[in-house]
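This report refers to the structure that appears directly beneath it.
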Amino acid sequence: QTFVTPASLDEFGYSVALDGDEMVIGAPGVDDEKGAAYLWLRGGSSMSITQQLLPDVRQDGARFGCSVAIHSAAETIVVSACMEDDDTYHLDLNTPATDRPDAGAVYVFRKQSGGITYNLEQKLIPTNVIEGDRFGLHVAVNNDMVLASSLEEYSGSLNPRKVVQQIFTDCTGCTLGSFFELEYRSLRTNVEHDVTAAEMRSILENELQTGDVTVTRTNQDASSNGFMWTVTFHGSEENVAELEAYEGYLTGSNPYVGTIMTIGNPSQKR
C-alpha cells in the first residue's frame, strides 16, 4: 500500500515506527523543516491516516519527526525534533537560551481516554543541554520509559549546578501577620510575611547583597497559611552562604519561619 504522495523535500518516511495496528511516520522536512509526524491505523487489510502530530510551537529547521517511536499498550507516541533551538531557561546554565541552537527536544503524546487520537502531554529537554546536542536523534519508548540519544556527549552531572535555597513560613490553624527577619552573612533585614517574589528578590539583592538571584513564591498547604520562596543563586561561583530566618515580629498562634538548602554549592561547570 502507498500511503501518501508527499511534497518535494518533505522527507516523508524518514522515520517509521509500528506497533500492533498503529504506525507513526515522520516527515522532518515538512514546511521548511518545521517537520510533522503522522499516525496511521489499520482497518482490515489497509491502513488510513487518523492524525497529524505537531509540537505546540513549531520552529523553522527543528526537524520534528526525525525519530519516532510508539508503544500501543502504553498508549504513548514519542516524536523528536532533533534540530530544535532550545528556548527554555535552565537553572544550571549561565547562558541565554538563544545560545543553544540545534539543542533538540523530544515530545511525548498520550492517547485520549477511550479515543483513537493522541494529545501532546510533555516536552522533554535534559537540564545540561547545549548547542548542537541534537537531543532526540533516536528515540524509543517502552511502557512508561522513554529513551532518547544525543549526537553530542557530555559526561558530567545532569543535576542543576546553581545553589537553591527555600524560605518558608507556617502558622497552622492561624493567620500570619507582621514581618520576620532574614539574614545573609552579616547583613539582616525585616521582611513582610507576604512579600511577593519580586519584592523578595529586591530585598535579597539590594539589602542583603546576595548577588543575582531568581525567586518564585508558592502557597504552603491549605492548613499552614504560609508561603514558600524558592531562591536560585546565579551570580557567584564561590560558596553561597546559607540564609537564616528568625520569627522576629511575626504574629499568629505559634508562627514559624525557616530556611532549607535544597541544592548545595555549585558542582563542576561544563
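Per this note's numbering, residue 814 is the first one in the sequence shown, and the count goes up by one each step. Built from N, CA and C at the ideal position, the CB exists for glycine as well. Keep in mind it's a predicted model, so treat the numbers as computed, not measured.
Query, Result
"Going by DSSP, which residues form a beta bridge with L1000?", "Y997"
"What residues match up with L866 in a beta bridge as DSSP calls it?", "A850"
"Are the beta-carbon atoms of G945 and E965 separated by less than 8 Å?", "yes"
"Report yes if the CB atom of T1064 is closer than 8 Å to the CB atom of V977, and no otherwise.", "no"
"Taking the Cβ atom as the reference point for each residue, do A1054 and Y997 lie within a distance shorter than 8 Å?", "yes"
"Assess, as a yes-or-no matter, whether the region 936-944 is touched by the region 1005-1022 under the definition of 3 or more beta carbon pairs within less than 8 Å.", "no"
"With 16 other CB atoms within 10 Å as the buried threshold, where does P1068 fall?", "buried"
"Quick one: give me the first and last residue of the beta strand (DSSP E) that R1030 is part of.", "1026-1032"
"Could you tell me which of T1027, E846, V891, A887 sits nearest to L852, measuring between CA atoms?", "V891"
"For the putative contact between A1136 and T1029, defined by C-beta atoms under 8 Å, what is the C-beta separation to the nearest angstrom?", "Since the displayed the chain opens at 814 and closes at 1083, residue 1136 lies outside it and no answer follows."
"In the DSSP assignment, what residue or residues form a beta bridge with R855?", "M860"
"Buried or exposed: G986, going by 16 or more other Cβ atoms within 10 Å of its Cβ?", "exposed"
"Identify the continuous alpha helix (DSSP H) that holds G1054 and give its terminal residues.", "With the sequence shown as reference, residue 1054 is identified as Ala, and Gly is not the correct amino acid for it. Segment: none, A1054 is in no alpha helix (DSSP H) and carries neither H nor E."
"Compare the C-alpha of L866 against each of A875, Y920, V952, H1047 and name the closest.", "Y920"
"Considering only the alpha carbon of each residue, which of A916, A887, S893 lies closest to D899?", "A916"
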